[in-house]
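Residue numbers (my numbering), protein chains in the order written: chain F, 65 to 529; chain V, 65 to 529; chain L, 65 to 529; chain A, 65 to 529.
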């Protein structure tokens, strides 16, 4: 990086400066390489601002029209790729304003009346994030629907439910998949709550004190579709809560799909052999020809770190910053954009991949019947016969020990032996020792029985509409 | 740590085990040293559960009554400090159940019918957190009121508003303090949103599949004051979202008060000399007799790291955990409790300290008038006279350069010189160059003028009621 | 928290204060509740300091002796539990100094000559951490020995090596376990490097500028066993690098044992069935009598979050703190102590548990032969016969596809079919298709063959001595 | 993202696959968009590998030559920008191997003999990181030299030393700047220690078990300039410690320069007015013409969050990953590259900016004399006269109180009053009450006296050579 002392350049703020900015400083401080992503929101906000300025007679209607026409042309140019972004112009705001002035002359300099980059960037970010929250929300919904659709086909697919990765009780595959639909629903709830706090119009806070010009903030909010305007000018330009809240919500979402990914990886292992992910969503090995790897799931699991890192990044940036705007806050964009891309990409590929998973139902059901997974059912059977739960638990524990030593399963215990464990046993106990029965009987609300699952699906289908 | 092979002890789950748990394992896995904090919620939940079991005829009314009476006695004992917690009994659930059985005999073993520690701990945590959210919410409200009360007295106290820690424009001290009231209000909003997702009754998910016993989950929810019941048994015992969301919300809150703390520290410095914190809330030096340190603010700023760390802790714990319950999740409690204590302590001491801060109003106002802080006003003056903003900005920039070279202030520029900078200037421009006028004129909604601040205070006072 | 305006109390720094500290401030700012853990180091440092003061004639030999005798008595009292710590005395330094003055009168006030709490706490922490690094280092070594001892018995135990949790190639169990010994060896290397930067004597930096009294810092360093003295007084009291480096190193260590824990959990599952952890190190279920859970491994995996959180905590605390000492830095202790305890406890229980794991060798070996795990061997066989690797890889890939469609294993392919895949095949190819052969042939340095493993064990045994 | 079922493509691992990879999968899993940065290291490693294969007669010398010539051509093409990277070829390894095969035909397929992408990427990363560690090390050294050079000119520039951001004692500006040189020296030490663990040759671990081909790993290590070879094939491909350690070290470095940045920001404020950063390294405001903002320092302070985030990212990725290679580990590159760029850019701009800071020496010295900053000197004066330190401290505390009430400075107290505070005072006490004297007398090793600073500079200049 060579230091290039330059002549005082035509920076839009250079009035009091004697020498120009070093090119190394320009390179280090520029944000145009990443904030250009906000260009359409920047123009949208400027157009609304120009309309308001004219309406309030702060600038003339003619000037406003020329400004708007100029902005629309720039919109066109950026859309079709003919616009040239310039690093020495720092950021998206300056790039567009400069292009405007080049196009329509000095009158372009009227656009920045009653505005500062401090409230302008807050506006751009909020417009952008409102859109992204809605888009991600709809990606989640699509994924939920995909999961529900797979669930519907698997209400009667049985598998072992695990605690501590030990087989605990048989469950329906649908119940397992629907657990994720619920998690995702909470993620959407959180996003919607975050949206409320994002949907606040900041323009008019100006540098941070408001302005003496007779602006109409409510009018701008209306034009841009905001629910309300911010209420304290200093808070307005200091606030990045809405981004942190978004990153928090998506950290939880990534945590959720990292759990799903972990399971897809486990289930793809030869040891579990519960699923086969179709060739289209797996990759092979450069050296081991037999391999078929669940790369997509692994990458999603890994990308969780990325989103957590982005969250801690911005929390660190904002820690102990005195009011109001500080340049540190420019560092909000990279973690935000990266999170949007990471989460979107992960949701899209999962939505596409999930229906291409083949469930090995026989293997799952067979596995569900192992590991003494109906033990709890037997304990409950005894409870229904009047045995205190702890005693019942102890009794079944001994039956399990017995089976381990005899290398048999619980329903292999002959009735006469059974009676020795507890006189409460009748022959009908063998019926409840099947996986199907164990699942079917869990009819408590939210339980894994087909009836309860069907109700769950109905409620969820309504909720995620 | 000595390995002590022990006889199979009377663990409540030891049916199938041949040798007892090593004492090192007991020590490593126990949670009673910290989860005892949940004792009253554990008992409250058990009583509701026992009532339901009787109502549903799963156990007899007489048994239920004996259980409840036993639990009430235990409540009494823990309250008055006569209860002895036992580490070998692992956790709060086992400690209480064992005490119950000791008290009322085998019938105590009926309490755990249609329940598992997996849904029981979820219940305890949710009951606890609902209370804590409400309590912290009210601590924030108290602090907000304290801030508003100070604001009311300082609507006409002027100070420099800063961007980049450079004096930017004069503002009202009230506006500055109210910025924090708004931040805190968002914190409360977030907590209230988190509360919605915490207020869900988990009991009845049992180990993770639900139960075949005819329980009434809605009845339990009603007894315990929950809005609704959880809808998927597997999700119910796997879910710690509600804790993470709480930790996220409080991370943002700590970020907010770390910013305030930073400012209190800056303002306490001899260089700023904006405030003096009363002796009661500062400490001295063990070696430098002249020192008076803003320790409370420094500690709060430091404790931000603690809460961020707790958030990343639990996010890490939950990453990639397969469903459903895993023992890793026991690690949710330490970061939760520590965050509750850290945030509560910080809010309490701030609420107490803030009214004991003496603002050096003269110094603040004097400072506000330095640093060419009315430059924006002059630019806006030119704009009102028809000059494009960018030209006005450039003009005032040159005036600032002029002043720096002449070592004078903007309002020291003689009128004949002023006219050379711009013919638009009239003599009335000197009026707007005062701090008071600059503040007074910022009448845009949310701006720093007394009128706008008064409206803000009215709205906020209503909102935080 | 009630505000109690108190009379100016006998704080050791209260000369210039008019009113005393509020009790809420005392409660919020005290550190004695956790820094008391440093008591023996504090006394050790004070004794060395007192010796030096006398040697340099800054205080008299008689005074020094009285001080040292007093400190030794306090040491005795704390050791036997008769000492009463007082929260109003803030921290461990003040508690001990006050007790000293109570014991020996005003002369106790001479101990703090040419010293400040700023360099004193740095000294205590460094003395403490040097001990802990050595202790943890030896805990790791013990664990490594335990792992090596298990490895020695399992050089010829074969198991599948995994990539992407897919069976890739057969390996020796010893090779797998030794991989962890190498990780732990790097952890020890890192700790030893951290030790170099911890082993620096800070006393004499005083408040932060040094002192005009004729102290001898080298003498104190010699008495306390430090390699060198710090070289810049301001850096000395501002520096917490040594703690962060320690937390970083242990974060990596926790990451390592979280990976081992994950594997122990996987291997304990019925699906893998590679190991059985003895009853002493597992726990049961309160509701499912058949369960035997790998809780210890789960908890260690979970506690990884704790140590990561502690690291991010202190990094956050130190971010952007101006020099020199700030009270925020008091927050270094909790994450430090918690990490020491978490890591120590995890290493101890792992060391105890590991030899109590039963490896199901038959199952492991059987599994190793599945999943076409010798495919690479066959590709290498073709390479040795002159086939370009990529062609060989493609050929074996087709053989795998063939086997999948025929539901057979690679060594089930008849020779005539084999020849169709590649004319290079000779009958001796069947020999390399066994797990044993595949492992035995990996004789490249660091490879999984018994010979290489034996060399590894020899090298490691020497290195970890 | 449209799903495009494609024909089985010419992936280098596609032997066993029936359908091709979905384009969405390709897009989601590709790494070529970022790992292309490793291209030169990938080619360098391949050339060494090809040489070894020929030397060991695993491939012919002629084949090896053709491969090497092909690789050199590719090197040329990438250098001059004519190479086309292809996303469907996943990563840098496949892009280069495919180009090689296109160039020299099937014989290109021999290069991947006795190698896997698992050990290849480990090699690329280690080669890359070794270079980056050295480069960053030399950037730090350059910055240290710049700081030392400024220090040399400011040994006799006095300023207030701060604790708790309160003026504590006068120090030399050189002492303050040198504190950072020491921090940076520790950063370099840590990087050098990390280098030892990076400088390990992984190639030959192959997929993770080693190989049966007669490779010579030591020869490859020699060609590539590695100190030693890795010792356990499974550990080799599972290990990312070296990256985490690098990220940890640079997190501490960023913490250090965030502290410096905080101070530059504080010192640039009108309130401190200690420094003026030259126009070239500051920027202006789009709305407030008088502003001159320390953006570079603010951005560096902000970028600390980025590096912390990268660290937590990779720690999260690696948590609980079972051995050996998992695709999650592909996520190591983005945080690594981003950290390298962030730290390099920050160091470069600081090195360039620091000599362009103008220190307002008069203001600094004037400030140093305020705030009773020589109070400790007076206490030490009393100590030298035989007063116990605590009593001396109390006495000076009272003198400070007196001065505050009289609004005077310590050296304004008339001698007769002075004697009332302590009979030990003689007239020579006034001499030590000057800033110059206070600094000059701190002659303890590492203290702020000119003599000690000169020694420090000598030692440091030697150490950083």
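Glycine included, each C-beta is placed from N, C-alpha and C at the ideal position.
Go to residue 511/V, then tell me how far its alpha helix (DSSP H) extends in each direction, as first and last residue.
-> Here residue 511/V belongs to no alpha helix (DSSP H), and DSSP marks it neither H nor E.
Mind listing the chain V neighbours of residue 120/F? Cutoff is C-beta to C-beta under 9 Å, in chain order.
-> The contacting residues do not exist; residue 120/F stays about 11 Å from chain V at best.
beta-carbon residue 501/F near the ligand NAD non-hydrogen atom, thresh 8 Å = As far as ligands go, the structure on display features none, and thus does not contain the ligand NAD.
Can you give me the start and stop residues for the alpha helix (DSSP H) that residue 415/A sits inside?
-> 397 to 417
Cβ-based neighbour list, residue 266/V, same chain, cut-off 7 Å, excluding 5 preceding and 5 following = 183, 186, 187, 190, 294 and 300
Please go through the same chain and pick out, in chain order, the residues whose beta-carbon is closer than 6 Å to the beta-carbon of residue 65/V, but skip the five residues on each side of it.
-> At residue 65/V the pLDDT is 35, less than 50, meaning the model places this residue with poor confidence and gives no usable figure here.
Residues near residue 346/V by beta carbon distance below 7 Å, same chain, minus five either side = 356, 357, 358 and 359
Work out the CA separation of residue 131/F and residue 172/F for me, nearest whole Å.
-> 6 Å
Please classify residue 522/F: is it buried, with 16 or more other beta-carbons within 10 angstroms of its beta-carbon, or exposed?
-> exposed
Residue 481/L by DSSP, collapsed to three states: which one?
-> helix
So, helix, strand or coil for residue 336/F, using DSSP?
-> coil
Distance, Cα to Cα, residue 248/V vs residue 305/F?
-> 11 Å
Around the C-beta of residue 296/F, are 16 or more other C-beta atoms found within 10 angstroms, so that it is buried, or is it exposed?
-> buried
Can you list the beta strand (DSSP E) stretches of 3 or more residues lying completely in the region 230 to 262 of chain F, in chain order?
-> 230 to 236
If we ignore side chains and look at the alpha-carbon of each, how far apart do residue 84/V and residue 229/F end up?
-> 22 Å
Host alpha helix (DSSP H) of residue 225/V (start-end) | Per DSSP, residue 225/V belongs to no alpha helix (DSSP H); it is in the beta strand (DSSP E), 222 to 227.
Hey, does residue 30/V have any beta-carbon neighbour from chain F nearer than 9 Å?
-> The structure shown has nothing for residue 30/V, since chain V only spans 65 to 529.
Cα-Cα, which of 165/F, 101/F and 470/F is closest to residue 402/F?
-> 101/F
Pull up the distance between the alpha-carbon of residue 520/A and that of residue 484/A, whole angstroms please.
-> 41 Å
Between which two residues does the beta strand (DSSP E) containing residue 160/V stretch?
-> Unbroken run through residue 160/V is the alpha helix (DSSP H), 156 to 168; no beta strand (DSSP E).
Evaluate residue 204/A with the Cβ neighbour count: other Cβ atoms within 10 Å of its Cβ, from every protein chain shown; 16 or more gives buried, anything less gives exposed.
-> buried
Quick one: is residue 531/F near chain L, going by C-beta distance under 9 Å?
-> Residue 531/F falls outside the range modelled here, since chain F spans only 65 to 529, and no answer is possible.
Would you call the region 231 to 251 of chain A and the region 313 to 325 of chain A touching, i.e. three or more CB-CB distances under 8 Å?
-> yes
C-alpha gap between residue 473/V and residue 430/A, whole angstroms | 23 Å
Please report how far the alpha carbon of residue 37/A lies from the alpha carbon of residue 453/A, in whole angstroms.
-> Nothing about residue 37/A can be reported from this structure: the residues present for chain A run from 65 to 529 only.
In DSSP terms, what residue 347/L is bridged to | 357/L
Indicate whether residue 254/L and residue 292/A have their beta-carbon atoms separated by less than 9 Å.
-> no
At which residues does the alpha helix (DSSP H) containing residue 207/F begin and terminate?
-> 181 to 216
Output yes or no for whether 9 Å exceeds the beta carbon distance between residue 312/V and residue 316/F.
-> yes
Establish whether the CB of residue 67/A and some CB of chain F are separated by less than 9 Å.
-> Residue placement at residue 67/A cannot be trusted, given a pLDDT of 39 that sits under 50; what the coordinates show is reported in the next sentence. It does: the Cβ of residue 67/A has a partner Cβ on chain F nearer than 9 Å.
Cross-chain neighbours of residue 225/V in chain F, by beta carbon under 7 Å = 272, 273, 298 and 388
To the nearest whole angstrom, what separates the beta carbons of residue 96/F and residue 149/F, a pair I think is in contact under 8 Å?
-> 5 Å
Going along chain A, which residues have a C-beta under 9 Å from residue 480/F?
-> Near residue 480/F there are no residues of chain A at all, since even the closest Cβ is about 46 Å away, more than 9 Å.
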